[in-house]
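To keep things clear, I will list the structure first and then write my remarks on it.
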Amino acid sequence: MLSIKEILETIKMVQEENLDIRTITMGISLRDCCHPEVELACRKIYDKITRLAENLVKVGEQISREYGIPIVNKRISVTPISQIAECSQGEDYLPFARALERAAEAVGVNFIGGFSALVHKGFRRGDKLLVRAIPQALAETERVCASVNLATTEAGINMDAVYQMGKIIKETAELTASRDGLGCAKLVVFANAPEDNPFMAGAFHGTGEPECVINVGVSGPGVVKRAVEKLGCADFGALAEVIKKTAFKVTRMGELVGRRAAELLQVPFGIVDISLAPTPARGDSVAEIIEAMGLERCGTHGTTAALALLNDAVKKGGAMASSYVGGLSGSFIPVSEDAGMIRAVQEKALNLEKLEAMTCVCSVGLDMIAVPGDTSAETIAAIIADEVAIGVINHKTTAVRIIPAPGKKVGDFVEFGGLLGRAPVMEINPFSAAAFVQRGGRIPAPIHSLSN
Amino acid sequence: MTQAKKKQGGNRVIISVLGPDRVGIIASVATILADHNINILDISQTTLQEYFAMMLIADMTKSSIDLDCLKEKLIAKGKELGVRIDAQHEDVFNFMHRI
């Protein structure tokens with residue numbers, strides 16, 4: 001029989017420590033939606049998404065009531081659109097973005113991911129056309145998210161694509177200048193992109209995935225922070241232990257909700273993504289967990305070690321709690337979506353270089369970083385190249401979601417609101433990387449022996 | 453496994469009451485449950501400082517209303533009494549605290 005203490009602990013996690021299920025994401029294959037006519041292909045896409053995801057929001061809300069746990073987002077990921085649109089004769093891929101937007105709106109989800117291309121070794125016709133359509137697609141739509149995989153450990157880094165994405169990110173920011181460059185918050189570039197990621201903006205339904213699947217992303221930085229605070233000044237073994245136990249409990253909720261959603265929707269259950277995902281809400285912050293471990297501010301010396309411990313303990317606890325773990329599965333350190341990270345940047349405890357070092361030991365890279373509006377496409381490309389190199393060499397996923405905020409300078413703020421939060425504009429290195437990124441070609445895949 | 457679980461106790465809910473202590477909380481909750489043929493299996497309570505916490509495990513197998521409807525009635529009663537009352541499926545606690 002359950003004890004009153006256990007029951008109270010669960011209720012407290014939800015009521016006071018912001019425990020929630022961040023997202024139930026339905027992955028849908030669109031491979032059977034190809035058609036030479038753009039209009040017909042778009043109709044097939046719309047019909048398929050609205051048919052399969054018809055009850056997604058309803059089921060999410062039902063489970064949320066049944067278990068008394070908030071399920072914050074219901075979302076959809078689809079097959080990378082470049083692979084579907086390529087079969088059509090059209091050169092303009094905006095209609096595909098509009099079809100995704102309409103479908104997302106019809107079923108009531110707040111984001112749909114998969115306006116994507118995988119170009120780590122090179123561009124095909126469809127990839128080129130899709131990438132070209134990204135800025136306008138993100139400016140025109142609200143719910144569509146775009147992602148591009150630029151590098152893998154097996155293929156190396158497609159530097160032509162890196163440079164081009166530097167330009168595309170600039171263009172996306174300019175087209176959404178009136179909203180502080182909001183388009184860039186819906187665009188992420190990857191190294192080693194996972195095929196089953198439920199989190200936006202990088203979710204897409206990979207080619208090895210089934211027809212339709214339910215993936216779940218949990219949250220829980222607030223719960224971990226509270227547990228670390230309660231522990232007080234114990235040694236590192238005890239610290240890792242308490243994080244593991246807490247991550248286990250948090251992940252069990254994801255497992256329960258995922259299984260139930262899959263059962264009710266009659267769709268296979270894919271994975272639980274065990275990432276700690278912060279929100280701008282007070283106390284729901286990864287930076288504050290790091291500070292609770294004994295660092296005065298996130299970003300000071302010791303932060304990388306603290307984050308490494310946190311990330312590893314979360315994985316160990318999470319992996320025990322779920323039958324299938326996947327997606328990004330680590331700690332997220334987005335600047336704009338984490339009140340503690342914002343404070344650390346404002347107080348100059350945290351800079352871009354330290355953030356980059358932190359991404360070596362956790363997922364998922366430089367996330368929701370605002371930089372001055374006059375940052376060149378070449379510098380953005382160089383920032384991306386650095387980050388994907390970390391992923392490629394270390395055999396892990398890394399990503400960049402960067403906002404060159406139009407008209408903004410260091411110290412200004414960009415405001416997106418909601419889950420995307422607000423971000424202070426960060427300082428970048430003023431020296432040029434142009435001649436480097438303009439070389440073109442591909443950085444070869446790394447060797448994986450001789451690993452010191 | 454899900455099937456087996458359902459047979460064992462798929463209809464058990466945990467009703468929790470949190471708030472300042474006052475006369476009649478247990479009676480009010482028990483009345484709602486009795487009115488809808490919901491069987492109480494276990495009750496425990498504790499006081500955390502001046503706050504009152506009660507947990508009640510109930511079986512809804514023969515209930516005349518569903519969980520959504522029960523929740524609504526309990527939440528309304530909670531507002532009237534100035535306490536927070538909720539009902540959640542038992543699985544959520546079992547999943548978190550039992551392997």
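Sequence lines, in order, name chains A and B. So that you can map any letter, position 100 of the first sequence is 100 in the working numbering, and since no number is skipped, the others follow by simple counting. So that you can map any letter, position 87 of the second sequence is 539 in the working numbering, and since no number is skipped, the others follow by simple counting. Heads up, the beta-carbon is just placed ideally off N, CA and C, and yes, glycines get one too.
By the rule that beta-carbons nearer than 7 Å mark a contact, GLN501(B) does not touch chain A.
Following the DSSP letters along the chain, one finds ILE243(A) inside the alpha helix (DSSP H) bounded by residues 236 to 265. Setting aside the 5 residues that flank it on each side, VAL72(A) is surrounded in the same chain by ASP20, ARG22, each with a C-beta closer than 6 Å to its C-beta; the list follows chain order. Among the residues of the region 236 to 257 of chain A, those with a Cβ less than 8 Å away from any Cβ of chain B are LYS249, ARG252, MET253, GLU255, LEU256, in the order of the chain. Exposed is the label assigned to LYS5(A), since fewer than 16 other Cβ atoms lie within 10 Å of its Cβ. In this model, GLU174(A) and ALA191(A) are separated by some 25 Å (Cα to Cα). The contact set of MET512(B) on chain A, defined by CB atoms closer than 9 Å, is empty, because the minimum CB distance reaches about 12 Å. The CB of THR10(A) comes closer than 7 Å to the CB of VAL544, PHE545, MET548 in chain B, given here in chain order. Sorting ASP520(B), ASP543(B), ALA539(B) by C-alpha distance to the C-alpha of MET507(B) places ALA539(B) at the top. Exclusion of the five residues before and after SER480(B) leaves LYS529 as the residues of its chain whose Cβ lies within less than 6 Å of its Cβ. Taking LYS525(B) as the centre and dropping the five residues before and after it, the same chain places the C-beta of ILE484 closer than 7 Å to its C-beta, in chain order.
Around HIS205(A), the same chain offers GLY27, ILE28, SER29, SER77, VAL78, THR79, GLY114 as residues with beta carbons nearer than 7 Å, after the five sequence neighbours per side are excluded. Taking 9 Å as the cut-off between beta carbons, the residues of the region 518 to 536 of chain B near chain A are LEU519, ASP520, LYS523, ARG536, in sequence order. Residues of the same chain with a CB within less than 7 Å of the CB of ALA321(A), apart from the 5 flanking positions on each side, are PHE248, THR251, ARG252, GLU255 in chain order. Distance from the CA atom of LEU493(B) to the CA atom of ALA97(A), rounded to whole angstroms, is 54 Å.
Within a 10 Å sphere around the beta-carbon of VAL218(A) sit 16 or more other beta-carbons, which makes this residue buried.
Residue ranges of uninterrupted alpha helix (DSSP H) with 4 or more members, entirely inside the region 122 to 165 of chain A and ordered along the chain, are 125 to 140.
In this structure the region 141 to 153 of chain A lies against the region 182 to 191 of chain A, because at least three pairs of beta carbons, one per stretch, are closer than 8 Å. If you draw a 10 Å sphere on the C-beta of TYR67(A), you find 16 or more other C-beta atoms in it, and that means buried. Just so you know, the alpha carbons of PRO135(A) and GLY471(B) end up roughly 52 Å apart. Proximity of the region 2 to 18 of chain A to the region 273 to 285 of chain A meets the contact definition, three or more beta-carbon pairs being nearer than 8 Å. Put simply, the CB of HIS488(B) is far from chain A, with every gap to its CB atoms at 7 Å or more. Our two residues, VAL361(A) and LYS245(A), have alpha carbons roughly 20 Å apart in a direct line. In the DSSP assignment, GLU415(A) forms a beta bridge with ARG422(A). Scanning its chain for C-beta atoms nearer than 6 Å, with the 5 sequence neighbours on each side dropped, one finds around TYR163(A) the residues ALA381, VAL437, in chain order. Taking 7 Å as the threshold, the shortest C-beta distance from ASP473(B) to chain A does not fall below it. Think of a sphere of 7 Å around the beta carbon of GLU61(A): no beta carbon from chain B falls inside it, the nearest being about 10 Å out. Between the alpha carbons of VAL345(A) and SER64(A) lies a gap of roughly 35 Å.
If you ignore the 5 residues before and after PRO70(A), its C-beta comes within less than 8 Å of the C-beta of VAL14, ASP20, ILE21, SER64, all in its own chain and listed in chain order.
Under the Cβ criterion of 7 Å, SER515(B) is not counted among the residues facing chain A. Contact between ILE24(A) and VAL216(A) holds, since their C-beta atoms are separated by about 6 Å, short of 8 Å.
Taking the C-beta atoms as reference points, PRO210(A) is found nearer than 7 Å to PRO268(A). Pairing ASN158(A) with VAL388(A), the inter-Cα distance amounts to about 10 Å. At the C-beta level, ALA151(A) and VAL392(A) come within 7 Å of one another.
Counting other Cβ atoms within 10 Å of its Cβ, ILE551(B) stays below 16 and is therefore classed as exposed. CA-to-CA, the gap between LEU56(A) and ASP543(B) works out to about 21 Å.
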